[in-house]
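For the sequence shown, my numbering assigns the number 202 to the initial residue and increments by one for each residue that follows. For glycine and all other residues, C-beta sits at the position ideal for the given N, C-alpha and C. Predicted model, so just to flag it, every value in this text is computed and none were measured. Inspection log for the structure reproduced underneath, given as structure tokens.
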Amino acid sequence: MDIDHAAALTRLTHYFETLTRQSVGNLGEFYTPNVYVKTPLHEVRSAAEVASLLTHLFERLDVPRFEVTAQLLQHNQALLVWNLHFHAKRWLDDEQVIHGASHLRLALDGRVAYQRDYWDATEDVYLKLPFVGRLIRWLRERMFL
């Protein structure tokens with residue numbers, strides 16, 4: 202049976218753009234049980250751990266929302282360019298945006314077997330924190346200017 206990777210990628214994109222706390226439970230439809238996911242902050246090796254990360258996302262952030270802005274597909278590999286829009290529950294009243302990209306490898310059944318996320322944790326998160334941001338800016342000035 203030939204898998205239509207383009208259709209699988211479209212389904213995955215729709216899933217993430219409409220993700221809710223409740224739909225995290227459907228993650229197994231889109232990820233293999235032993236998926237490997239690496240982000241700037243986490244490394245996990247199962248769909249259950251990915252679901253736990255997404256559940257944690259909904260616990261820590263108000264109204265997190267993924268917006269996929271570009272897709273590239275070659276055979277069973279894909280690149281998704283995305284923005285994560287959110288409001289922080291404890292700091293930063295304005296809407297925040299993390300700009301990122303995900304390299305995916307799709308399994309024979311069209312589910313994600315490998316995901317590597319690329320985004321700048323320093324610029325998109327740490328610099329916006331009151332104390333940590335000041336410290337990082339001070340270090341940058343001392344080291345690179």
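In the three-state reduction of the DSSP assignment, T211 falls in the helix class, which pools H, G and I. In this structure, E296 sits away from W283, with a CB-CB distance that is not shorter than 8 Å. In this structure, DSSP gives E260 a helical state, which the three-state scheme calls helix. S303 carries a strand assignment under DSSP once its states are collapsed to helix, strand and coil. Taking the Cα of P241 as reference, the smallest distance to any Cα among V313, G311 and H300 is reached at H300. Here R312 is buried. Its C-beta has 16 or more other C-beta atoms within 10 Å.
For F217, same chain residues with a beta-carbon under 7 Å away, outside a window of 5 residues either side, are F267 and V269 in chain order. Between A302 and L281, the gap from beta carbon to beta carbon is short of 8 Å.
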